[in-house]
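Numbering (full-length UniProt numbering), first residue to last: 1 to 729. Backbone N, C-alpha and C fix where the C-beta goes; we use that ideal spot for every residue, glycine too. These numbers come from a predicted model, not from an experiment. As structure tokens, the structure follows; a few thoughts come after it.
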Amino acid sequence: MSLSSVTPFKACAAAIARAVLGEPNRQYSTRSQMRFGSRGSLSVEIAGEKAGTWFDHEANIGGGMLDLVQRERHLDKAEALQFCQNVGVSLNKSEARASISRRIVATYDYRDEKGALLYQVLRYEPKDFRQRRADGAWSLGDVRRVLYRLPEIITKKDELVFVVEGEKDVDALFNIGLLATCNAGGAAKSGQKSKWRNDYTHSLKGRDVVVLPDNDEAGEAHATSIAKALSEVSSSVKIVRLPGLPAKGDVSDWLRAGGTKDGLLDLVSNTQKVAMVAAHEGEVIEVGSEGLLTEDAVATEFANRYAGRLKFCHSVGKWYGWGGTHWKQDKKHRAYTFARRIAGEISATADLKARVAAGKASFSGGVEKFAQRDEVFAVTSEEWDRDPFLLATPGGTIELRTGKMRPATPADMITKRTAIAPACDDCPLWKRFLSEATNGDADLIEFLQRWCGYCLAGDTREHALIFCYGPGGNGKSVFLNTVAKIMGDYAANAAMDTFTAGHGDKHPTDLAMLRGARLVTASETEEGRAWAEARIKQMTGGDPITARFMRQDFFTFLPEFKLTIVGNHKPVLKNVDEAARRRFNIVPFIHKPKNPDRELEQKLITEWPAILQWMIDGCLKWQENGLPRPKVVREATDEYFEAQDSFGQWLAERCVLDPCRSSKPSDLLKDFQEWCHQNGEPEADNKRLRGMLERTEGLKYVRKRIGNGNPVQLVQGITLLPKRHGDQG
Numbered sequence: 001m002s003l004s005s006v007t008p009f010k011a012c013a014a015a016i017a018r019a020v021l022g023e024p025n026r027q028y029s030t031r032s033q034m035r036f037g038s039r040g041s042l043s044v045e046i047a048g049e050k051a052g053t054w055f056d057h058e059a060n061i062g063g064g065m066l067d068l069v070q071r072e073r074h075l076d077k078a079e080a081l082q083f084c085q086n087v088g089v090s091l092n093k094s095e096a097r098a099s100i101s102r103r104i105v106a107t108y109d110y111r112d113e114k115g116a117l118l119y120q121v122l123r124y125e126p127k128d129f130r131q132r133r134a135d136g137a138w139s140l141g142d143v144r145r146v147l148y149r150l151p152e153i154i155t156k157k158d159e160l161v162f163v164v165e166g167e168k169d170v171d172a173l174f175n176i177g178l179l180a181t182c183n184a185g186g187a188a189k190s191g192q193k194s195k196w197r198n199d200y201t202h203s204l205k206g207r208d209v210v211v212l213p214d215n216d217e218a219g220e221a222h223a224t225s226i227a228k229a230l231s232e233v234s235s236s237v238k239i240v241r242l243p244g245l246p247a248k249g250d251v252s253d254w255l256r257a258g259g260t261k262d263g264l265l266d267l268v269s270n271t272q273k274v275a276m277v278a279a280h281e282g283e284v285i286e287v288g289s290e291g292l293l294t295e296d297a298v299a300t301e302f303a304n305r306y307a308g309r310l311k312f313c314h315s316v317g318k319w320y321g322w323g324g325t326h327w328k329q330d331k332k333h334r335a336y337t338f339a340r341r342i343a344g345e346i347s348a349t350a351d352l353k354a355r356v357a358a359g360k361a362s363f364s365g366g367v368e369k370f371a372q373r374d375e376v377f378a379v380t381s382e383e384w385d386r387d388p389f390l391l392a393t394p395g396g397t398i399e400l401r402t403g404k405m406r407p408a409t410p411a412d413m414i415t416k417r418t419a420i421a422p423a424c425d426d427c428p429l430w431k432r433f434l435s436e437a438t439n440g441d442a443d444l445i446e447f448l449q450r451w452c453g454y455c456l457a458g459d460t461r462e463h464a465l466i467f468c469y470g471p472g473g474n475g476k477s478v479f480l481n482t483v484a485k486i487m488g489d490y491a492a493n494a495a496m497d498t499f500t501a502g503h504g505d506k507h508p509t510d511l512a513m514l515r516g517a518r519l520v521t522a523s524e525t526e527e528g529r530a531w532a533e534a535r536i537k538q539m540t541g542g543d544p545i546t547a548r549f550m551r552q553d554f555f556t557f558l559p560e561f562k563l564t565i566v567g568n569h570k571p572v573l574k575n576v577d578e579a580a581r582r583r584f585n586i587v588p589f590i591h592k593p594k595n596p597d598r599e600l601e602q603k604l605i606t607e608w609p610a611i612l613q614w615m616i617d618g619c620l621k622w623q624e625n626g627l628p629r630p631k632v633v634r635e636a637t638d639e640y641f642e643a644q645d646s647f648g649q650w651l652a653e654r655c656v657l658d659p660c661r662s663s664k665p666s667d668l669l670k671d672f673q674e675w676c677h678q679n680g681e682p683e684a685d686n687k688r689l690r691g692m693l694e695r696t697e698g699l700k701y702v703r704k705r706i707g708n709g710n711p712v713q714l715v716q717g718i719t720l721l722p723k724r725h726g727d728q729g
């Protein structure tokens with residue numbers, strides 16, 4: 001964002017924002033900031049140092065007010081400036097010049113067959129394009145429009161011609177020895193008339209042509225329009241969709257990512273030619289040799305079009321589509337729609353019987369079923385999200401081992417994404433909140449940062465969970481909600497019943513929903529509930545979990561999630577053993593803020609990008625030095641175990657451990673139950689007491705003969721103290 005796009009608009013930011021976006025959301029707006037949208041996700045600064053700027057917290061982009069007008073009204077800078085003037089925002093000439101200042105970074109010459117200059121396309125930074133005549137005038141008027149690098153195309157009449165969207169891409173292909181061209185202006189915006197002219201078509205008459213679309217809807221529409229026009233005059237036409245392109249990616253991106261001339265020519269040779277039929281909606285049908293209209297044949301065309309863009313996961317029975325940053329589950333049944341559309345296109349010129357058959361829902365459903373089993377689409381849940389140190393964000397993929405961002409690629413097989421991309425900004429409100437919630441405990445804040453970073457990764461080496469406890473209004477829910485919302489798809493919320501004891505096993509679908517999650521949150525609301533200790537140990541110990549989705553086959557996965565639970569009451573822990581002591585971390589949230597802010601969680605949204613970067617930094621710290629417990633966590637956890645260890649307290653108060661002594665199990669059980677009743681602890685049955693006794697060093701169950709009687713069962717190594725006067729029982 002350049003200063004020139006901000007300065008002239010500081011005083012009129014509110015007026016421009018209202019003209020472009022309407023009235024702000026008053027619930028989230030302040031005196032210095034206007035918020036727009038149902039959740040206030042777009043902010044416009046109207047006072048202070050940032051006045052005259054905006055930021056979209058969902059898309060993670062921002063800029064000056066002129067940028068906002070351009071984005072929302074789809075205008076160039078000069079048109080955006082005129083819009084501001086039309087709504088009553090007046091700028092003097094120097095401000096106007098500053099607001100549209102830019103620099104030329106490339107000039108592309110468009111020449112006729114003989115090499116005479118007709119016009120130029122100028123590329124600016126910030127990114128923008130303008131066209132001017134050979135004499136320098138900005139209006140092309142009746143100047144003849146031609147293809148870029150037309151003289152070379154005519155001279156090399158026997159070579160394959162690649163048609164791309166921009167001059168930069170043309171030059172990139174020339175640099176590796178391939179002939180290429182494009183039209184000025186590239187692809188039209190969605191819903192607008194194609195920019196491909198008849199004159200361009202005639203320039204490629206009789207040629208073998210390959211169209212390389214950009215990876216977006218406009219690119220697909222542009223490629224289809226070109227192929228449709230050229231199929232009537234060219235020797236052959238192919239549309240080659242480059243594999244692994246990011247959203248809006250082009251052939252230049254593909255080459256920078258390691259693509260080669262030979263690799264591109266291999267893709268061309270393995271792509272079928274386009275054959276024109278009287279298609280619905282004016283689209284091109286890419287088919288091979290003519291034959292019977294079958295579900296299999298249409299499914300083959302389906303694969304030609306959507307390989308690399310769709311996957312079908314047999315573990316969940318759902319289609320996934322590549323969205324530029326990650327594979328996203330298709331909840332709108334688009335695959336069926338695509339199959340139906342292709343069936344309609346291919347059957348358009350068939351006889352009536354074939355058209356009727358292709359128009360049935362069962363036919364399109366059959367095409368989709370064929371495609372589901374095609375190896376180019378078929379995957380299982382084990383193939384998703386295999387690298388635990390990759391984190392997808394709207395801005396790219398984070399390599400958590402280094403903290404660096406790189407372009408997203410379908411080959412990573414990532415199915416989740418954070419809510420926002422990170423930003424290397426400060427997050428003063430977040431830091432102030434943590435300081436108040438922890439009473440300024442720097443070690444506890446460091447622990448929470450590392451825990452949040454640990455949650456970003458799919459690694460569970462710590463075998464730990466945290467329980468944030470404290471009375472209401474102390475910040476624990478704000479902390480957890482903020483972290484979970486930032487993590488987006490990587491976070492899941494589970495019912496507390498999943499982790500507490502109850503009657504019967506949980507339905508396997510409850511556990512299936514946790515596959516792939518890296519943070520699982522829950523809230524404890526009832527006092528006196530007990531942990532489902534075996535399940536907790538399984539989930540935090542890295543043991544495989546077997547589950548299934550409704551009406552799907554069972555599958556097994558390794559848990560990647562970290563349990564983070566908040567509550568006002570700590571559940572009961574019946575067995576305090578070393579496994580429990582290793583896993584539990586009790587984090588106290590017991591300090592109330594001096595001036596509670598009910599809108600704090602909403603205000604923190606503006607700092608989400610910086611908070612995510614804070615979490616990434618925490619992940620790097622965790623990888624370097626682990627997750628050491630601060631003093632306050634150690635003390636709170638020890639206190640919790642002491643309170644839960646009723647068996648240990650009973651041993652200390654009512655028993656003597658002596659290897660030469662022994663007691664009847666029934667006497668021990670009666671005394672323990674009496675002690676539990678007196679101290680308000682849940683009473684134990686014989687099975688639970690035996691388990692605790694057997695886990696105590698030096699104690700064991702034996703059978704001994706007492707006198708001349710039959711052998712009886714005893715517990716060797718323990719005896720009860722004599723009851724003091726006044727003891728009940």
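Would you mind stating whether V566 and T606 have Cβ atoms separated by less than 9 Å?
Position 566 of the sequence shown, counted from the start, is the residue given in the question as residue 566. Position 606 of the sequence shown, counted from the start, is the residue given in the question as residue 606. No.
Please classify H326 as buried or exposed, where buried requires at least 16 other C-beta atoms within 10 Å of its C-beta.
If you number the sequence shown from 1, residue 326 lands on position 326. Looking at its Cβ environment, which holds 16 or more other Cβ atoms inside 10 Å, H326 is buried.
Are there 16 or more other CB atoms within 10 angstroms of the CB of V209, so buried, or fewer, so exposed?
Start at 1 with the first residue of the sequence shown, and residue 209 comes out as number 209. Burial state of V209 is buried, judged by a 10 Å Cβ sphere holding 16 or more other Cβ atoms.
Are A116 and R145 touching if we call contact CB-CB under 9 Å?
For the purposes of this step, residue 116 is taken as the residue at position 116 of the sequence shown. For the purposes of this step, residue 145 is taken as the residue at position 145 of the sequence shown. Taking 9 Å as the Cβ cut-off, A116 and R145 do not qualify as a contacting pair.
Between which two residues does the alpha helix (DSSP H) containing Q673 stretch?
Translated into positions along the sequence shown, residue 673 becomes position 673. Where Q673 is concerned, the enclosing alpha helix (DSSP H) stretches over 665-678.
So, for N710: in the same chain, excluding its five sequence neighbours on each side, which residues have a beta-carbon less than 8 Å away from its beta-carbon?
Residue 710 sits at position 710 when you count from the first residue of the sequence shown. Within the same chain, N710 has no close Cβ partners at all.
Identify, in the order they occur along the chain, each residue of the same chain with its Cβ nearer than 6 Å to the Cβ of G475, setting aside the five sequence neighbours on each side.
Stepping through the sequence shown from its first residue, residue 475 is reached at position 475. The answer, listed in chain order, is A437, F589.
Report the three-state DSSP secondary structure of G729 (helix, strand or coil).
The residue you call residue 729 lines up with position 729 of the sequence shown. Confidence is the limiting factor: at G729 the pLDDT is only 44, short of 50, which leaves the residue's position unreliable and the question unanswerable from this model.
Which ranges does the beta strand (DSSP E) cover as unbroken runs of at least 3 residues, wholly within the segment 321-374, from first to last along the chain?
327-329
Rounded separation between K50 and E23 - CA only
Residue numbering aside, residue 50 sits at position 50 when the sequence shown is read from its first letter. Residue numbering aside, residue 23 sits at position 23 when the sequence shown is read from its first letter. About 20 Å.
When the Cα atoms are used, what is the spatial distance from I176 to F55?
Against the sequence shown, residue 176 aligns to sequence position 176. Against the sequence shown, residue 55 aligns to sequence position 55. One C-alpha to the other measures close to 40 Å.
At the level of alpha carbons, what is the spacing between A80 and L68?
Taking the first residue of the sequence shown as 1, we reach residue 80 at position 80. Taking the first residue of the sequence shown as 1, we reach residue 68 at position 68. C-alpha of A80 to C-alpha of L68: approximately 9 Å in a straight line.
Residues that T393 bridges to, as DSSP identifies them:
Within the sequence shown, residue 393 is the residue found at index 393, counting from 1. Beta-bridge pairing links T393 to G396.
Tell me whether Q27 is buried or exposed, calling it buried when 16 or more other Cβ atoms sit within 10 Å of its Cβ.
Translated into the one-based positions of the sequence shown, residue 27 becomes position 27. By the neighbour-count rule (16 or more Cβ atoms within 10 Å), Q27 is not buried but exposed.
Measure the CB-CB distance between F359 and A343 and report whether it falls below 9 Å.
Taking the sequence shown and counting its residues from 1, the one referred to as residue 359 is at position 359. Taking the sequence shown and counting its residues from 1, the one referred to as residue 343 is at position 343. Just to set this straight, residue 359 is Gly in the shown sequence, not Phe. Against a cut-off of 9 Å, the Cβ pair of A343 and G359 comes out as a contact.
Measure from the alpha carbon of A421 to the alpha carbon of each residue in P410, G403, W430, F83, then state which is nearest.
Position 421 of the sequence shown holds residue 421. Considering only alpha carbons, the answer is G403.
Among all the DSSP beta bridges, which residues are the ones paired with residue 748?
Shown here, the chain extends from 1 to 729; a query on residue 748 therefore has no answer.
Helix, strand or coil for W608 per DSSP?
The residue you call residue 608 lines up with position 608 of the sequence shown. Three-state result, W608: helix.
C619 by DSSP, collapsed to three states: which one?
The residue labelled residue 619 in the question sits at position 619 within the sequence shown. Note: C619 maps to helix in three-state DSSP.
Selected residue, minimal CA-CA separation from K431, among P665, Y306, F479, Y320
As a working mapping, residue 431 is identified with position 431 in the sequence shown. Comparing Cα-Cα distances from K431 to each of P665, Y306, F479, Y320, the minimum goes to F479.
How many angstroms separate the CA atom of A411 from the CA atom of E383?
Here residue 411 refers to the residue found at position 411 when the sequence shown is read from its first residue. Here residue 383 refers to the residue found at position 383 when the sequence shown is read from its first residue. Computed Cα separation, rounded: 10 Å.
Can you tell me which residues form a DSSP beta bridge with V702?
Within the sequence shown, the letter at position 702 stands for residue 702. BP columns for V702 point to L714.
Between A172 and S252, which are expected to be in contact by the criterion C-beta below 8 Å, what is the C-beta distance as a whole number of angstroms?
Start at 1 with the first residue of the sequence shown, and residue 172 comes out as number 172. Start at 1 with the first residue of the sequence shown, and residue 252 comes out as number 252. That belief holds up - the Cβ atoms of A172 and S252 are roughly 5 Å apart, short of 8 Å.
Residue range of the beta strand (DSSP E) that D128 falls in?
Stepping through the sequence shown from its first residue, residue 128 is reached at position 128. D128 -> beta strand (DSSP E) spans 128-133.
Buried or exposed, going by whether 16 or more other CB atoms sit within 10 Å of the CB of S362?
On the sequence shown, position 362 is the one that residue 362 refers to. Exposed is the call here.
Residue interval of the beta strand (DSSP E) (run including A547)
As a working mapping, residue 547 is identified with position 547 in the sequence shown. In the DSSP assignment, A547 falls within the unbroken beta strand (DSSP E) covering 545-547.
Closest by C-alpha distance to R207, when choosing among K189, A227, A188:
For the purposes of this step, residue 207 is taken as residue 207 along the sequence shown, with counting starting at 1. Distances from the CA of R207 to each of K189, A227, A188 were compared; the closest alpha carbon is that of A227.
Comparing alpha-carbon positions, which option in G249, H202, L689 lies nearest S231?
As a working mapping, residue 231 is identified with position 231 in the sequence shown. The shortest C-alpha separation from S231 is found at H202.
For the beta strand (DSSP E) that contains W54, what are its first and last residues?
Sequence index remark: in the sequence shown, residue 54 carries index 54 (1-based). Per DSSP, W54 belongs to the beta strand (DSSP E) from 53-56.
Tell whether a beta-carbon distance below 9 Å holds between G321 and R340.
For the purposes of this step, residue 321 is taken as the residue at position 321 of the sequence shown. For the purposes of this step, residue 340 is taken as the residue at position 340 of the sequence shown. In this structure, R340 does not lie closer than 9 Å to G321 by Cβ.
Would the segment 697-706 count as touching the segment 641-654 if we require 3 or more Cβ pairs under 8 Å?
Touching, no.
Beta-carbon proximity check, L693 vs V712, cutoff 9 Å:
Working through the sequence shown from its first residue, we reach residue 693 at position 693. Working through the sequence shown from its first residue, we reach residue 712 at position 712. Not a contact, by the Cβ cut-off of 9 Å.
With a Cβ-Cβ cutoff of 9 Å, do G516 and D385 count as a contact?
In the sequence shown, counting from the first residue as 1, residue 516 sits at position 516. In the sequence shown, counting from the first residue as 1, residue 385 sits at position 385. Cβ atoms of G516 and D385: closer than 9 Å.
R406: first and last residue of the uninterrupted beta strand (DSSP E) it sits in:
In the sequence shown, residue 406 corresponds to position 406, counting from 1. Where R406 is concerned, the enclosing beta strand (DSSP E) stretches over 404-406.
Just to confirm, is the Cβ distance from N110 to Y119 under 9 Å?
Translated into the one-based positions of the sequence shown, residue 110 becomes position 110. Translated into the one-based positions of the sequence shown, residue 119 becomes position 119. For clarity, residue 110 is Tyr in the given sequence; the question names Asn instead. Result yes, Cβ atoms of Y110 and Y119 sit closer than 9 Å.
Host beta strand (DSSP E) of T564 (start-end):
One-based indexing of the sequence shown puts residue 564 at position 564. 562-567 is the extent of the beta strand (DSSP E) around T564.
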